[in-house]
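According to our numbering, numbering within the sequence shown proceeds without interruption in unit steps and concludes at 1670.
Yeah, the Cβ is synthetic: ideal placement off N, Cα and C, and Gly gets one too.
Here's the structure we're looking at; comments come further down.
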Amino acid sequence: MAHTLTESTLHGLPVLRIETPLCTAALSLHGGQLLSFVPAGAGEVLWVSPLATGAPAAIRGGVPVCWPYFGRENQPSNVPQHGFARNTRWTLEAPREDADGNLHLGLSLPGHPGTPLRLRQILILGTGLQQALTTHNPSERTLSLTQALHSYFAVGDARQVHIEGLDGLDYDDKYSGQTLTQRGHWHLSDPRDPGRSDRIYHAAGGHYVLHDPVLDRRLRITTTGSHAVVVWNPGQAGAQGMADVPDAHWPAFVCVEAANAARDVVRLAPGASHTLAQAVEVLPAA
């Protein structure tokens, strides 16, 4: 086999270290959470807080799986933020390689008394990253869910990043409570609320490019199975209130989250399934 999986640590967190000729990666079974992805010849794609804690807490960084609800949407106030998938140990299936050298990893979430829905995740690791969440409804009634792949993308300086693919979209500003319209590229210096961002964009097209002039690269992000995307960075003041984000580290990431959230609710009939997916490619600066 051309790949290896070994037990290791990342910032003190237990992980499976994955090595292939095309990339390296790190995966936490707690949360079923990808914590590192480095294509051969490129830099780290994901950010993980050096202060992140592991089980039983959720891990700050990488790609947390928010499921079966996003935030606490349509839920009681006492439930865990973003659901229980990111606080549960997942089961890893036997990996396989395809003819192109990509490594396929399947993970399943154990059943939970909080929902009859079942969840499986597929990771395809190669020169790019592909990730998919498939939810199945084995019950005899229609059920609803919201969810997200809460990706923390590593950037050289969030204050210099801009994101294409959002111009003209309406978004819910979670800070102001308003619904506004994006004008031009997303950037943290937006005069309507400079220095921070917590936005759920509606009727999103699923094609975004994160331009990073400091790291001299672009991340092309393609999503399917959703009509919403979340763009989040807490800014300096917000990070100061977060115990697991060092004060100086808030400019080191921008979250671009493939999501079914807010207006974009998935309703699954009995026996039906739904897949939310993203693909991430690292490209040179334009």
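1. Hey, out of R1602, L1430, T1499, Q1465, whose CA is closest to L1364's CA?
2. Report the three-state DSSP secondary structure of H1571 (helix, strand or coil).
3. Quick one: what does DSSP say D1600 is sitting in, helix, strand or coil?
4. Across the stretch 1538-1554 and the stretch 1592-1599, are there enough close Cβ pairs to call them in contact, namely three or more that are closer than 8 angstroms?
5. Nearest-angstrom Cα distance between L1389 and L1487?
6. How many whole angstroms separate the CB atoms of D1628 and T1437, which I take to be in contact at a CB cut-off of 8 angstroms?
7. Sort F1537, D1541, H1571, I1584 by Cα distance to S1560 and report the nearest one.
8. Would you say the stretch 1443-1452 touches the stretch 1466-1473, given that touching needs at least three Cβ pairs under 8 angstroms?
9. Does Q1334 come out as helix, strand or coil in the three-state DSSP assignment?
10. Grab me the residues of G1455's own chain with a C-beta within less than 7 angstroms of its C-beta, minus the 5 sequence neighbours each way, in chain order.
11. In three-state DSSP terms, what is Q1459?
12. Provide the residue span of the alpha helix (DSSP H) that contains Q1624, from first to last.
13. Answer yes or no: the CB of I1443 versus the heavy atoms of the ligand ZN, is any distance below 7 angstroms?
14. When the Cβ atoms of the stretch 1601-1610 are set against those of the stretch 1553-1568, are three or more pairs found closer than 8 angstroms?
15. Roughly how many angstroms separate the alpha carbons of L1419 and H1571, rounded to a whole number?
16. Count the C-beta pairs between the stretch 1631-1645 and the stretch 1394-1410 that are closer than 8 angstroms, then say yes if the count reaches three, no if not.
17. Look at the alpha carbon of H1496 and the alpha carbon of H1520, and state the distance between them as a whole number of angstroms.
Reading from the atomic positions:
1. Residue coverage of the chain in this structure runs from 1385 to 1670, which leaves residue 1364 outside it and unanswerable.
2. Residue mapping note: residue 1571 aligns to position 187 of the sequence shown, counting from 1. H1571: coil per DSSP, three-state reduction.
3. On the sequence shown, residue 1600 is found 216 positions in, with the first residue counted as 1. Note: D1600 maps to coil in three-state DSSP.
4. yes
5. As a first step, residue 1389 must be located in the sequence shown, where it is residue number 5. As a first step, residue 1487 must be located in the sequence shown, where it is residue number 103. Straight-line Cα distance between these residues: approximately 11 angstroms.
6. Looking up residue 1628 in the sequence shown gives position 244. Looking up residue 1437 in the sequence shown gives position 53. D1628 to T1437, Cβ: 7 angstroms. Contact.
7. Position 176 of the sequence shown, counting from 1, holds the residue named residue 1560. The shortest C-alpha separation from S1560 is found at I1584.
8. yes
9. Any property of residue 1334 remains undetermined from this structure, which presents the chain solely from 1385 to 1670.
10. By 1-based counting over the sequence shown, the position of residue 1455 is 71. For G1455, where only same-chain residues beyond five positions count, the Cβ hits under 7 angstroms are Q1465, H1466.
11. To locate residue 1459, count along the sequence shown from 1; it is residue 75. Correct three-state label for Q1459: coil.
12. On the sequence shown, residue 1624 is found 240 positions in, with the first residue counted as 1. Its alpha helix (DSSP H) spans residues 1619-1624.
13. With respect to small molecules bound, the structure shown includes none, and the ligand ZN cannot be examined in it.
14. no
15. One-based indexing of the sequence shown puts residue 1419 at position 35. One-based indexing of the sequence shown puts residue 1571 at position 187. Computed Cα separation, rounded: 25 angstroms.
16. no
17. Taking the first residue of the sequence shown as 1, we reach residue 1496 at position 112. Taking the first residue of the sequence shown as 1, we reach residue 1520 at position 136. One C-alpha to the other measures close to 13 angstroms.
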